[in-house]
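For the sequence shown, UniProt numbering gives the first residue as 1, with consecutive numbering after it.
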Amino acid sequence: VRRRKKTPVSFKPRHKRSRIQVWLYEQVNMRIEGCIIGFDEYMNLVLDDAEEIHSKTKSRKQLGKNIDAL
Numbered sequence: 001v002r003r004r005k006k007t008p009v010s011f012k013p014r015h016k017r018s019r020i021q022v023w024l025y026e027q028v029n030m031r032i033e034g035c036i037i038g039f040d041e042y043m044n045l046v047l048d049d050a051e052e053i054h055s056k057t058k059s060r061k062q063l064g065k066n067i068d069a070l
């Protein structure tokens with residue numbers, strides 16, 4: 001059986017650097033917000049300028065560059 005080569009995370013430049021929010025399934029009071037700069041076929045995301053946002057306390061924590069698996 002021949003295996004296919006896995007494609008790496010895509011780091012191609014994006015024309016729009018829109019900020020997105022990732023809502024966490026098991027931690028409903030916390031979200032991660034940042035700009036998508038890459039992803040792969042499994043929807044693992046690479047976010048730039050990522051922040052952890054707590055909805056109850058309205059606090060934000062800088063994470064920098066962060067990789068999230070969805």
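Think of the CB as a built atom: it goes at the ideal place given N, C-alpha and C, for glycine as much as any other residue.
Cβ shell of residue i (< 6 Å), same chain only, five flanking positions each side left out
i, result
"Q21", "R31 and E33"
Assigned exposure category for residue i - 16 Cβ within 10 Å defines buried
i, result
"L24", "exposed"
"V46", "buried"
Residue i in three-state terms, based on DSSP
i, result
"E26", "coil"
"residue 71", "In the structure displayed, the chain extends from 1 to 70; residue 71 sits before or after that span and is not available."
"R31", "strand"
"R17", "coil"
Cβ distance (whole Å) where residue i is taken to contact residue j below 8 Å
i, j, result
"G29", "S59", "Before going further, note that residue 29 is Asn rather than Gly in the sequence given. Rounded, the Cβ-Cβ distance is 11 Å, inconsistent with contact."
Within-8 Å CB hit, residue i to chain D
i, result
"K58", "Going by chain labels, chain D is absent from the structure shown, which holds only one protein chain."
Contact under 8 Å by Cβ, residue i with residue j
i, j, result
"G38", "A50", "no"
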